[in-house]
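K.L.:
The sequence shown begins at 435 in our numbering and counts up one residue at a time.
Just so you know, even glycine gets a beta-carbon here, dropped at the ideal spot from N, CA and C.
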Amino acid sequence: MQRRAIQALSRYGVCASRQFSSKAPDRQIGFIGLGNMGAAMAVNLAKAHKSVILQDVNAKAVERICSKVQGGLAAATPAELAGKADTIITMLPSSPHVHEVYLGANGILSTVRPGSLLIDCSTISPETARLVAQKVAEKGGSIDFVDAPVSGGTIGAENATLTFMVGGPDAAFLRAQEVLAHMGKSIVHCGGPGNGQVAKLCNNLLLGITMAGVSEAFNLGEKLGIDPKILAGVINSSSGRSWSSDT
435 MQRRAIQALS RYGVCASRQF SSKAPDRQIG FIGLGNMGAA MAVNLAKAHK
485 SVILQDVNAK AVERICSKVQ GGLAAATPAE LAGKADTIIT MLPSSPHVHE
535 VYLGANGILS TVRPGSLLID CSTISPETAR LVAQKVAEKG GSIDFVDAPV
585 SGGTIGAENA TLTFMVGGPD AAFLRAQEVL AHMGKSIVHC GGPGNGQVAK
635 LCNNLLLGIT MAGVSEAFNL GEKLGIDPKI LAGVINSSSG RSWSSDT
């Protein structure tokens with residue numbers, strides 16, 4: 435049974451100890467969305483692959499990244515990219531952008547190749563992620579889709595230390611895990627389609643609450659006469675410490 439389990443994991447490029455090779459399998463990678471986060475993520479992916487096909491509505495962003503990486507190729511539309519790549523990562527601003535890039539007339543699903551792996555790293559609504567997952571399933575052709583929003587900001591994107599919250603079937607997660615390992619250090623399977631977005635939503639809610647609380651606490655402290663630096667030192671070595679207070 436153990437041997438069968440290892441063989442099953444190996445089919446997806448994952449070894450039993452979950453240690454990933456720095457050399458990626460020979461697959462054609464496509465990346466759509468080259469903003470502050472996506473650009474850095476695409477650069478890190480390019481370090482592990484012979485070539486990466488890039489697409490963005492901003493042609494200058496594509497040109498800039500193509501000039502920075504070895505094997506950078508440009509695509510004019512998501513459909514063109516999907517017709518050439520078998521692993522596609524998207525990093526887009528919002529739900530409507532994801533809907534258009536995947537389901538639009540010139541979207542990924544119009545030309546996606548059988549057996550492709552689709553990874554959406556955008557922060558969007560769970561409903562949109564689940565709709566895309568449903569449409570991918572209806573497409574057939576053994577295409578896998580996961581939603582994989584991130585935490586870690588631009589510094590994490592640049593240093594390949596992002597956290598990925600992944601929603602999707604087990605087999606799709608195993609396929610995506612090795613790709614995501616080139617862009618992050620923590621890859622968490624949160625359950626079925628859309629659950630990555632649920633985790634990100636809850637995380638952002640808690641972050642917003644703590645940011646508001648930290649702001650109110652420091653405002654109160656300043657009004658009552660304590661040096662903000664002294665207050666910060668106390669909070670960050672006490673029970674009130676949070677990411678918002680020490681970052």
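Output the distance between the C-alpha atoms of serine 529 and glycine 630, rounded to the nearest integer angstrom.
P.N.:
Sequence index remark: in the sequence shown, residue 529 carries index 95 (1-based). Sequence index remark: in the sequence shown, residue 630 carries index 196 (1-based). Distance between the alpha carbons of serine 529 and glycine 630: 14 Å.
K.L.:
Rounded to whole angstroms, what's the CA-CA distance from isoleucine 499 to leucine 665? Just pull it up for me.
P.N.:
As a first step, residue 499 is located in the sequence shown; it is residue number 65 there, counting from the start. As a first step, residue 665 is located in the sequence shown; it is residue number 231 there, counting from the start. Answer to the nearest angstrom: the Cα atoms are 43 Å apart.
K.L.:
Which residues mark the beginning and the end of the alpha helix (DSSP H) in which glycine 590 is found?
P.N.:
Within the sequence shown, the letter at position 156 stands for residue 590. 587-593 is the span of the alpha helix (DSSP H), which, as asked, contains glycine 590.
K.L.:
From the DSSP secondary-structure annotation, give me the bridge partner or partners of histidine 623.
P.N.:
Mapped onto the sequence shown, residue 623 falls at position 189. Its beta-bridge partners are Val600.
K.L.:
What's the call for glycine 659, buried or exposed, on a 16-neighbour Cβ count within 10 Å?
P.N.:
Here residue 659 corresponds to residue number 225 of the sequence shown, with the count starting at 1. When all chains shown are included, glycine 659 counts as exposed.
K.L.:
Could you round the C-beta distance between valine 580 and alanine 610 to whole angstroms and report it? I think they count as a contact, below 8 Å.
P.N.:
Within the sequence shown, residue 580 is the residue found at index 146, counting from 1. Within the sequence shown, residue 610 is the residue found at index 176, counting from 1. That pair is a contact at about 5 Å.
K.L.:
Excluding sequence positions up to five away, which residues of its chain have a Cβ less than 6 Å from the Cβ of serine 550?
P.N.:
Taking the first residue of the sequence shown as 1, we reach residue 550 at position 116. Hits under 6 Å: Asp520 and Ile577.
K.L.:
State the CB to CB distance for the pair proline 496 and glutamine 504, rounded to an integer number of angstroms; the pair is presumed to be in contact (CB under 8 Å).
P.N.:
The count along the sequence shown starts at 1 and reaches residue 496 at position 62. The count along the sequence shown starts at 1 and reaches residue 504 at position 70. A small fix is needed here, since residue 496 is valine in this sequence, not proline. Actually they are not in contact, since the Cβ atoms of valine 496 and glutamine 504 sit about 15 Å apart, beyond 8 Å.
K.L.:
Could you have a look at valine 496 and say whether DSSP puts it in helix, strand or coil?
P.N.:
Your numbering for residue 496 matches position 62 in the sequence shown. Helix.
K.L.:
State buried or exposed for cysteine 555, treating a residue as buried only when at least 16 other CB atoms are found within 10 Å of its CB.
P.N.:
In the sequence shown, the residue the question calls residue 555 occupies position 121. Under this definition cysteine 555 is a buried residue.
K.L.:
In chain order, what residues of the same chain lie with their CB nearer than 6 Å to the CB of alanine 633, ignoring the 5 residues before and after it?
P.N.:
Locating residue 633 in the sequence shown gives position 199, counting from the first residue. Cβ neighbours of alanine 633 beyond the five flanking positions: Met599 and Cys624.
K.L.:
Looking at C-alpha atoms only, which residue of Ser559, Lys518 and Ser678 is the closest neighbour of isoleucine 463?
P.N.:
As a position in the sequence shown, residue 463 is number 29, starting the count at 1. Closest option to isoleucine 463, Cα to Cα, is Lys518.
K.L.:
Where does alanine 473 sit, in a helix, a strand or coil, going by DSSP?
P.N.:
The count along the sequence shown starts at 1 and reaches residue 473 at position 39. The answer is helix: DSSP assigns alanine 473 an H, G or I state.
K.L.:
Would you kindly check if the distance between the Cβ of leucine 608 and the Cβ of valine 566 is under 8 Å?
P.N.:
Taking the first residue of the sequence shown as 1, we reach residue 566 at position 132. Taking the first residue of the sequence shown as 1, we reach residue 608 at position 174. No. Outside cutoff.
K.L.:
Check each candidate in Val477, Ile487, Glu534 and Ala651 and name the one with the smallest Cα separation from lysine 569.
P.N.:
Along the sequence shown, one-based indexing puts residue 569 at 135. Checked all of Val477, Ile487, Glu534 and Ala651; the closest Cα to lysine 569 is Glu534.
K.L.:
Compute the distance between the beta-carbons of alanine 582 and histidine 616, then report whether it is under 8 Å.
P.N.:
Here the question's residue 582 lines up with position 148 in the sequence shown. Here the question's residue 616 lines up with position 182 in the sequence shown. The answer is no: Cβ separation not under 8 Å.
K.L.:
May I ask you to report which of helix, strand or coil DSSP gives alanine 464?
P.N.:
Along the sequence shown, one-based indexing puts residue 464 at 30. Note on identity: in this sequence residue 464 is glycine, with alanine being the wrong assignment. Strand.
K.L.:
Which first and last residues belong to the beta strand (DSSP E) in which glycine 506 is found?
P.N.:
Here the question's residue 506 lines up with position 72 in the sequence shown. Unbroken beta strand (DSSP E) run through glycine 506: 506-508.
K.L.:
In its own chain, which residues sit with a C-beta less than 6 Å from the C-beta of glutamate 592, not counting the 5 before and 5 after it?
P.N.:
In the sequence shown, counting from the first residue as 1, residue 592 sits at position 158. Cβ neighbours of glutamate 592 beyond the five flanking positions: Ala474.
K.L.:
Take alanine 480 as the anchor and find which of Gly506, Asn470 and Ile466 has the nearest alpha-carbon.
P.N.:
The residue given as residue 480 occupies position 46 in the sequence shown. The option with the nearest alpha carbon to alanine 480 is Gly506.
K.L.:
With a Cβ-Cβ cutoff of 8 Å, do proline 560 and glycine 628 count as a contact?
P.N.:
Here residue 560 is taken as the residue at index 126 of the sequence shown, counted from 1. Here residue 628 is taken as the residue at index 194 of the sequence shown, counted from 1. Cβ distance < 8 Å, so proline 560 and glycine 628 count as in contact.
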